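Below is one structure, written out as structure tokens, with a few remarks after it.
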Amino acid sequence: MAFFWFAAITVLLSFLAPNRPFSDILLVAMAVVGTIRISAYITEDLSRDLAKILPFAVLGIFIINVSFFKTSESFDVLKQADDNREAILYYLCFTIALEFALRFISAAVALVRSELKRKGTSQSG
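Next comes the structure, spelled out in structure tokens:
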């Protein structure tokens, strides 16, 4: 699911920044997805708020500068995806590794919390 949003944000950013190299667009999209995934493990409300901000930012850019939207240049940027297959695969592997690391850390924290709670209740009883 995270990689779907990575692709969606990549397409969205290619329309927002048609003059940027595709590798930069991929990096920013991965940073956004990674930030939202990390925040989801910390505070779910924060990740929801971050995910809601992006569409409003895009809408704000379109409202402020309607001439900014140039489809031909944006599609030219998206055509570079075939040349960047290795980078896209790298980001897919990073997404998988990040998700595994976050799940492992989350499970470890839950285990420590339950152990501390169990020790706290056994000492008070």
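According to the working numbering, the sequence shown is numbered sequentially starting from 466.
Note that CB positions come from ideal geometry on N, CA and C, so glycine has one too.
All of these numbers come straight from a predicted model, not from anything done at the bench.
Please state the DSSP three-state secondary structure of residue i.
i, result
"Ala484", "In the sequence under discussion, the amino acid at residue 484 is Asn, which differs from the Ala named in the question. The answer is coil: DSSP assigns Asn484 none of H, G, I, E or B."
"Met495", "helix"
"Thr586", "helix"
"Thr475", "helix"
"Ala508", "In the sequence as presented, Ala is not what sits at residue 508; that position holds Thr. DSSP places Thr508 in coil when its eight states are reduced to three."
Taking the Cβ atom as the reference point for each residue, do residue i and residue j lie within a distance shorter than 8 angstroms?
i, j, result
"Leu515", "Ile528", "no"
"Phe468", "Thr560", "yes"
"Tyr506", "Ser579", "no"
"Val497", "Leu519", "yes"
"Tyr556", "Met495", "yes"
"Ile503", "Leu567", "yes"
Taking CB distances under 8 angstroms as the criterion, tell me whether residue i reaches chain B.
i, result
"Ser488", "Considering every chain present, this structure includes no chain B. It has just one protein chain."
For residue i, I'd like the list of residues in its chain whose CB is within less than 7 angstroms of its CB, leaving aside the five on either flank, ordered along the chain.
i, result
"Leu481", "Val523, Ile526"
"Leu576", "none"
Taking residue i as the reference, give the member of the options with the closest Cα.
i, options, result
"Arg550", "Phe487, Lys582, Phe521", "Phe487"
"Gln545", "Ile474, Ala473, Phe569, Leu491", "Leu491"
"Phe471", "Lys584, Arg583, Ile553, Thr508", "Ile553"
"Leu477", "Asp510, Arg513, Phe540, Glu509", "Phe540"
Apart from the five residues on each side of it in sequence, which residues of its chain come closer than 8 angstroms, Cβ to Cβ, to residue i?
i, result
"Asn484", "Glu538"
Among residues of its own chain, excluding the 5 on either side of residue i, which ones have a beta-carbon nearer than 6 angstroms to its beta-carbon?
i, result
"Val542", "Ser479, Pro483, Phe487"
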